[in-house]
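Engineer:
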Amino acid sequence: MSLSGAKIIQPLCIRYPDMPVISDQAANCNTTSTPFLGSTRTLRRIQSVSAAQRRPASAIVAVADVVKEKKLKSNKNHLLTKEEGLEVYEDMILGRVFEDMCAQMYYRGKMFGFVHLYNGQEAVSSGFIKLLKKEDSVVSTYRDHVHALSKGVPARAVMSELFGKTTGCCRGQGGSMHMFSAEHNVLGGFAFIGEGIPVATGAAFTSKYKREVLKEADCDHVTLAFFGDGTANNGQFFECLNMAALWKLPIVFVVENNLWAIGMSHLRATSDPEIWKKGPAFGMPGVHVDGMDVLKVREVAQEAIGRARRGEGPTLVECETYRFRGHSLADPDELRDPAEKARYAARDPITALKKYLIESKLASEAELKAIEKKIDEVVEDAVEFANESPVPSRSQLLENVFADPKGFGIGPDGRYRCEDPKFTQGTAQV
Amino acid sequence: MASIFQGFGAATSLSSSASFDTKKLQFSSLRSLSGKRASCVVVRSGGVKMDSDSNRIGGRGDQLVTNAVATKVDNPAASTASKPGHELLLFEALREGLEEEMERDARVCVMGEDVGHYGGSYKVTKGLAPKYGDLRVLDTPIAENSFTGMGIGAAMMGLRPIIEGMNMGFLLLAFNQISNNCGMLHYTSGGQFKIPVVIRGPGGVGRQLGAEHSQRLESYFQSIPGIQMVACSTPYNAKGLMKAAIRSDNPVILFEHVLLYNLKERIPDEEYVLNLEEAEMVRPGEHVTILTYSRMRYHVMQAAKTLVNKGYDPEVIDIRSLKPFDLYTIGNSIKKTHRVLIVEECMRTGGIGASLTAAITENFHDYLDAPIMCLSSQDVPTPYAGTLEEWTVVQPPQIVAAVEQLCR
Chain A
9 MSLSGAKIIQ PLCIRYPDMP VISDQAANCN TTSTPFLGST RTLRRIQSVS
59 AAQRRPASAI VAVADVVKEK KLKSNKNHLL TKEEGLEVYE DMILGRVFED
109 MCAQMYYRGK MFGFVHLYNG QEAVSSGFIK LLKKEDSVVS TYRDHVHALS
159 KGVPARAVMS ELFGKTTGCC RGQGGSMHMF SAEHNVLGGF AFIGEGIPVA
209 TGAAFTSKYK REVLKEADCD HVTLAFFGDG TANNGQFFEC LNMAALWKLP
259 IVFVVENNLW AIGMSHLRAT SDPEIWKKGP AFGMPGVHVD GMDVLKVREV
309 AQEAIGRARR GEGPTLVECE TYRFRGHSLA DPDELRDPAE KARYAARDPI
359 TALKKYLIES KLASEAELKA IEKKIDEVVE DAVEFANESP VPSRSQLLEN
409 VFADPKGFGI GPDGRYRCED PKFTQGTAQV
Chain B
619 MASIFQGFGA ATSLSSSASF DTKKLQFSSL RSLSGKRASC VVVRSGGVKM
669 DSDSNRIGGR GDQLVTNAVA TKVDNPAAST ASKPGHELLL FEALREGLEE
719 EMERDARVCV MGEDVGHYGG SYKVTKGLAP KYGDLRVLDT PIAENSFTGM
769 GIGAAMMGLR PIIEGMNMGF LLLAFNQISN NCGMLHYTSG GQFKIPVVIR
819 GPGGVGRQLG AEHSQRLESY FQSIPGIQMV ACSTPYNAKG LMKAAIRSDN
869 PVILFEHVLL YNLKERIPDE EYVLNLEEAE MVRPGEHVTI LTYSRMRYHV
919 MQAAKTLVNK GYDPEVIDIR SLKPFDLYTI GNSIKKTHRV LIVEECMRTG
969 GIGASLTAAI TENFHDYLDA PIMCLSSQDV PTPYAGTLEE WTVVQPPQIV
1019 AAVEQLCR
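Heads up: the sequence lines are chains A and B, in that order.
Taking my numbering, the leading residue of the first sequence gets 9, the next gets one more, and so forth.
Taking my numbering, the leading residue of the second sequence gets 619, the next gets one more, and so forth.
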């Protein structure tokens, strides 16, 4: 975070007026690993800890209240600097314009299959991912275009991937639901819900392993796992909450609760719809935040990522958000109440940020317009690039099946199949 | 039973054999040169209990020892007596291989249920947790799908985990991760991430363990693109395959068998790594090719005793690599004997034998004098009752009868 002229409010601890800091240990946060790898909570403590962590329903919005309180105290304090504000705004605009362009391209027959758009949820992606370093990892679901973009994958690479061209970030082999980038540490892109969460847990485990076993003392890489409300009922979610809390892995579980899993309302699928409550049950803090407000998301993200980086363990963050479009471009979106859609449309995160930036004099209308124009050009360029890129040739068919192509085995002639130069075309008998 | 020695053709230098450096794409084009693997083969007829002497059979490419083979033809005793070797049980051989790899590369780690403090339900990881720590030999909660996925995520980020399924059957719960992520992520990421995991565990029909603990998962996993499957059957190949699997950049599933953990054998002192894709010649012969793997190898060798007494000369090959098949070794054998019998523990439907039958028919149909016979387990959930369980799997008398029928 750059510290230019404006003062910045220090990141909030997850603290409520009459309750102690949420932690499952004493207040001092130690980063050294304990020799015992497991839960250090005793039965006696559990009672007092859960009493401390039990929050009355009114505290759900306490984060926003406290923020507002601090804002009133000194008007000169902004929640972020101008640079940060513009960076976040640009990221959100990129997400929105890109997704809108995807829809256009889909209906023009440039991309096929299942395409899931992120319109309306930009605050979550920008609020969290813009706080990460390059070495931190992001794991997403099928609704992953914007996560990849926020993490730094070029728009050209994502658009080419969607068009199925060989210049795509995954050489055209992954598609909309499998965005990967080794350079930017985007670990996917998963088509089945929930299957990315263990992968994220593994990435966090590696970070801890590097620090403690490989003795890379400064390895404090954090992993963010994004997934939806539907996934929060899946076994893999609970299993990973347990393991992450047990081993204090540097991971943040971000639930993008947009209330709908295709046509299944969250309330019809979940016995206790307040997902943040599932965190304390496993021994980690659970926080609920307004996911349509990028500044609030950013505050919470700051603390959660900070916790993970300091070695204090995982956090579960539930972001209340909404997708303006259907589940995918194939979804007619008939079940959702138009009044509900209108309510959330009025809370469009981009409009809200724009309003904040202008009202707090952090940016002018002209500067924001310039950003919008720039993004339009970036996305247009991405489409052009994707259009002109070549489609994969047949020789690409079997190239990446194995990291070590000896895995294709030994043919009847005694040579490894991969020694045959035409092998990857799939013409050889496998 | 007297030992039979056979020497093979001209030696070629073996140092470039890719057995233990899977990164080098330097294949032994030597194979195509000589057409035969230079090897010195010491054959023992086997019962269920192996003798303590080495029964190391296999291509010379398997060993680090670089003495040319040509000198060995008349004096095979010298090759195995270069060092005394040491005797151990199969589970100890697995542990030895695992420990050597953990010593060699700090990124190698183990995760699974009861692998740490308990030492593994079959003691394969005994003693490793006190030596390497709780993080490197990780005791996981009972969450197969998630800890397998965790291993995959860790592999993507640079570690080399060995994921243990306490019983292979438990990995059915991890099928999502094994199929979707393990097999596919290298491809769907366009080659950006590699998944060098080893997934291992005991499977197969044991002694009245009941249906769910007696499963043969190799048949379920074989279609998954992007994975390799190997099955070990002796302490020698267990250690060698374990090491090869760990060093491989591909995800490898290593199938062990519940009943084979206590096999004893003398294995070399010097380091060796086997080839993941190669099959093992157990007993050369002329009349019929018997292809088998894992526990059925011992039933086959028991039947071979009877067959030899009856005047047959079966060639027994332990295919070892369940995916991909070593069509070279298998093909050479078929071209010699013209008759194939497959003996496996998988169920009749959709098992490894079924795939192997198809592969042989496709590639070697012209060389066959008789239809391929495949003996598999019955298509039934393994019963608890001892008698029923015995009839579920293939027994030596059935193998003898099958060979007699094939060779009519």
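Quick reminder that beta carbons are idealized off the backbone N, C-alpha and C, glycines included.
Which chain A residues sit within Cβ distance under 9 angstroms of Ala972 (chain B)?
Structural biologist: Position 354 of the second sequence, counted from the start, is the residue given in the question as residue 972 (chain B). Residues of chain A passing the Cβ test: none, with the nearest at roughly 17 angstroms.
Engineer: Looking only at its own chain, which residues have a Cβ that is under 7 angstroms from the Cβ of Ile1017 (chain B), when we skip the five neighbours before and after it?
Structural biologist: Your numbering for residue 1017 (chain B) matches position 399 in the second sequence. Closer than 7 angstroms at Cβ, skipping near neighbours: His917, Val918, Ala921, Val961, Leu993.
Engineer: Check this for me: beta carbons of Gly783 (chain B) and Gly819 (chain B), under 9 angstroms apart or not?
Structural biologist: Here residue 783 (chain B) corresponds to residue number 165 of the second sequence, with the count starting at 1. Here residue 819 (chain B) corresponds to residue number 201 of the second sequence, with the count starting at 1. Cβ atoms of Gly783 (chain B) and Gly819 (chain B): closer than 9 angstroms.
Engineer: DSSP three-state label for Met272 (chain A), please.
Structural biologist: Taking the first residue of the first sequence as 1, we reach residue 272 (chain A) at position 264. It is a strand residue.
Engineer: Less than 9 angstroms between CB atoms is the rule here; does Cys850 (chain B) satisfy it with respect to chain A?
Structural biologist: Counting from one through the second sequence, the residue named residue 850 (chain B) turns up at place 232. No, its Cβ sits nowhere closer than 9 angstroms to a Cβ of chain A.
Engineer: Helix, strand or coil: how does DSSP classify Val816 (chain B) here?
Structural biologist: Taking the first residue of the second sequence as 1, we reach residue 816 (chain B) at position 198. Strand.
Engineer: How is the beta strand (DSSP E) around His875 (chain B) delimited, first residue to last?
Structural biologist: Residue 875 (chain B) sits at position 257 when you count from the first residue of the second sequence. Taken as a continuous stretch (DSSP letters only), the beta strand (DSSP E) holding His875 (chain B) covers 870–875.
Engineer: At 3 residues or longer, and completely inside the stretch 702–771 of chain B: list those beta strand (DSSP E) runs for me, N to C.
Structural biologist: Here the runs fully enclosed are 704–707, 726–730, 755–757.
Engineer: By Cβ distance, which residues of its chain are closer than 6 angstroms to Ser145 (chain A), with the 5 residues on each side in sequence left out?
Structural biologist: Working through the first sequence from its first residue, we reach residue 145 (chain A) at position 137. These residues qualify, in order along the chain: Asn193, Leu195, Ala211, Thr231.
Engineer: Could you check how far apart the C-beta atoms of Ser832 (chain B) and Thr1000 (chain B) are, in whole angstroms? I think they sit under 8 angstroms.
Structural biologist: As a working note, residue 832 (chain B) is residue 214 in the second sequence. As a working note, residue 1000 (chain B) is residue 382 in the second sequence. The Cβ separation is near 4 angstroms, so the contact holds.
Engineer: Distance cutoff 9 angstroms, beta carbons only. Does Asn855 (chain B) sit that close to anything in chain A?
Structural biologist: Here residue 855 (chain B) refers to the residue found at position 237 when the second sequence is read from its first residue. Chain A contact via Cβ: absent.
Engineer: Which bits of chain B does Asn250 (chain A) rub up against, with CB to CB less than 8 angstroms?
Structural biologist: Walking along the first sequence from the start, residue 250 (chain A) turns up at place 242. Correct list: Pro759, Ala761.
Engineer: DSSP on Leu909 (chain B), reduced to helix/strand/coil?
Structural biologist: Position 291 of the second sequence holds residue 909 (chain B). DSSP places Leu909 (chain B) in strand when its eight states are reduced to three.
Engineer: Check whether the Cβ atoms of Ser47 (chain A) and Met775 (chain B) sit closer than 9 angstroms, and answer yes or no.
Structural biologist: Position 39 of the first sequence, counted from the first residue, corresponds to residue 47 (chain A). Position 157 of the second sequence, counted from the first residue, corresponds to residue 775 (chain B). Result no, Cβ atoms of Ser47 (chain A) and Met775 (chain B) do not sit closer than 9 angstroms.
Engineer: Contact check, Ala8 (chain A) vs His804 (chain B) under 8 angstroms by CB: the rounded distance?
Structural biologist: Shown here, chain A extends from 9 to 438; a query on residue 8 (chain A) therefore has no answer.
Engineer: In terms of residue numbering, what span does the beta strand (DSSP E) encompassing Ile780 (chain B) cover?
Structural biologist: On the second sequence, position 162 is the one that residue 780 (chain B) refers to. First-last of the beta strand (DSSP E) with Ile780 (chain B): 778–782.
Engineer: Using 9 angstroms as the threshold, is the C-beta distance between Ile270 (chain A) and Ala240 (chain A) below it?
Structural biologist: Counting from 1 along the first sequence, the entry for residue 270 (chain A) is found at position 262. Counting from 1 along the first sequence, the entry for residue 240 (chain A) is found at position 232. No; because the gap between Cβ atoms is not below 9 angstroms, this pair is not in contact.
Engineer: Is there at least one Cβ from chain B nearer than 9 angstroms to Glu375 (chain A)'s Cβ?
Structural biologist: If you number the first sequence from 1, residue 375 (chain A) lands on position 367. Answer no: the Cβ-Cβ gap between Glu375 (chain A) and chain B never drops below 9 angstroms.
Engineer: Does DSSP classify Lys882 (chain B) as helix, strand or coil?
Structural biologist: As a working mapping, residue 882 (chain B) is identified with position 264 in the second sequence. Note: Lys882 (chain B) maps to strand in three-state DSSP.
Engineer: Decide if Lys377 (chain A) is buried, meaning its Cβ has at least 16 other Cβ atoms within 10 Å, or exposed.
Structural biologist: Indexing the first sequence from 1 puts residue 377 (chain A) at position 369. Lys377 (chain A) comes out exposed.
Engineer: Let me know the secondary structure DSSP gives Asn893 (chain B) once reduced to three states.
Structural biologist: Taking the second sequence and counting its residues from 1, one reaches residue 893 (chain B) at position 275. Of the three classes helix, strand and coil, the one that applies to Asn893 (chain B) here is coil, per DSSP.
Engineer: In its own chain, which residues sit with a C-beta less than 7 angstroms from the C-beta of Phe136 (chain A), not counting the 5 before and 5 after it?
Structural biologist: Here residue 136 (chain A) corresponds to residue number 128 of the first sequence, with the count starting at 1. Closer than 7 angstroms at Cβ, skipping near neighbours: Leu232, Val262, Val305, Ala309.
Engineer: My understanding is that Ala208 (chain A) touches Met185 (chain A), with C-beta atoms under 8 angstroms, so please give their C-beta distance in whole angstroms.
Structural biologist: On the first sequence, position 200 is the one that residue 208 (chain A) refers to. On the first sequence, position 177 is the one that residue 185 (chain A) refers to. Not a contact, Cβ separation roughly 16 angstroms.
Engineer: I'd like the span of the beta strand (DSSP E) that includes Gly294 (chain A), first residue to last.
Structural biologist: Here residue 294 (chain A) corresponds to residue number 286 of the first sequence, with the count starting at 1. Start and end: 294–298.
Engineer: Examine chain B for any beta-carbon lying closer than 9 angstroms to the beta-carbon of Tyr150 (chain A), and answer yes or no.
Structural biologist: Within the first sequence, the letter at position 142 stands for residue 150 (chain A). No, because no Cβ of chain B sits closer than 9 angstroms to the Cβ of Tyr150 (chain A).
Engineer: By how many angstroms is the C-alpha of Ala289 (chain A) removed from the C-alpha of Trp1009 (chain B)?
Structural biologist: For the purposes of this step, residue 1009 (chain B) is identified with residue 391 of the second sequence, where counting begins at 1. For the purposes of this step, residue 289 (chain A) is identified with residue 281 of the first sequence, where counting begins at 1. Their backbone Cα atoms lie some 49 angstroms apart in a straight line.
Engineer: Roughly how many angstroms separate the alpha carbons of Lys218 (chain A) and His153 (chain A), rounded to a whole number?
Structural biologist: Indexing the first sequence from 1 puts residue 218 (chain A) at position 210. Indexing the first sequence from 1 puts residue 153 (chain A) at position 145. Approximately 29 angstroms between the Cα atoms of the pair.
Engineer: Answer with yes or no whether the minimum CB distance from Tyr736 (chain B) to chain A is below 9 angstroms.
Structural biologist: By 1-based counting over the second sequence, the position of residue 736 (chain B) is 118. It does not; no Cβ of chain A falls within 9 angstroms.
Engineer: With Gly236 (chain A) as the anchor, note down where its beta strand (DSSP E) starts and where it stops.
Structural biologist: What you label residue 236 (chain A) is simply residue 228 of the first sequence in a count that begins at 1. Gly236 (chain A) -> beta strand (DSSP E) spans 231–236.
Engineer: Kindly list, in the order they appear in chain B, the residues whose Cβ is closer than 9 angstroms to that of Gln244 (chain A).
Structural biologist: Residue 244 (chain A) sits at position 236 when you count from the first residue of the first sequence. Those are Ala761, Asn763, Ser764, Gly767, Asn794, Gln795, listed as they occur along chain B.
Engineer: Scan the stretch 908–976 of chain B and note each continuous alpha helix (DSSP H) run of 4 residues or more that stays entirely inside, going in chain order.
Structural biologist: With a minimum length of 4 residues, the continuous alpha helix (DSSP H) runs that stay inside the stretch 908–976 of chain B are 914–927, 945–955.
Engineer: How many Å lie between Glu98 (chain A) and Gly287 (chain A) at the Cα?
Structural biologist: Locating residue 98 (chain A) in the first sequence gives position 90, where the first residue counts as 1. Locating residue 287 (chain A) in the first sequence gives position 279, where the first residue counts as 1. Cα to Cα, Glu98 (chain A) sits roughly 32 angstroms from Gly287 (chain A).
Engineer: Check the Cβ-Cβ distances between Ala131 (chain A) and every residue of chain B, and say whether any is below 9 angstroms.
Structural biologist: On the first sequence, residue 131 (chain A) is found 123 positions in, with the first residue counted as 1. No, no contact with chain B.
Engineer: Just to confirm the assignment, what range does the beta strand (DSSP E) spanning Leu993 (chain B) have?
Structural biologist: Residue numbering aside, residue 993 (chain B) sits at position 375 when the second sequence is read from its first letter. Segment 991–995, the beta strand (DSSP E) holding Leu993 (chain B).
Engineer: Hey, Thr149 (chain A) and Arg164 (chain A): beta-carbon distance below 9 angstroms or not?
Structural biologist: Along the first sequence, one-based indexing puts residue 149 (chain A) at 141. Along the first sequence, one-based indexing puts residue 164 (chain A) at 156. Result no, Cβ atoms of Thr149 (chain A) and Arg164 (chain A) do not sit closer than 9 angstroms.
Engineer: Closer than 8 angstroms, Cβ to any Cβ of chain A: which residues of the stretch 861–891 of chain B, in chain order?
Structural biologist: Answer in chain order: Ser866, Asp867, Asn868.
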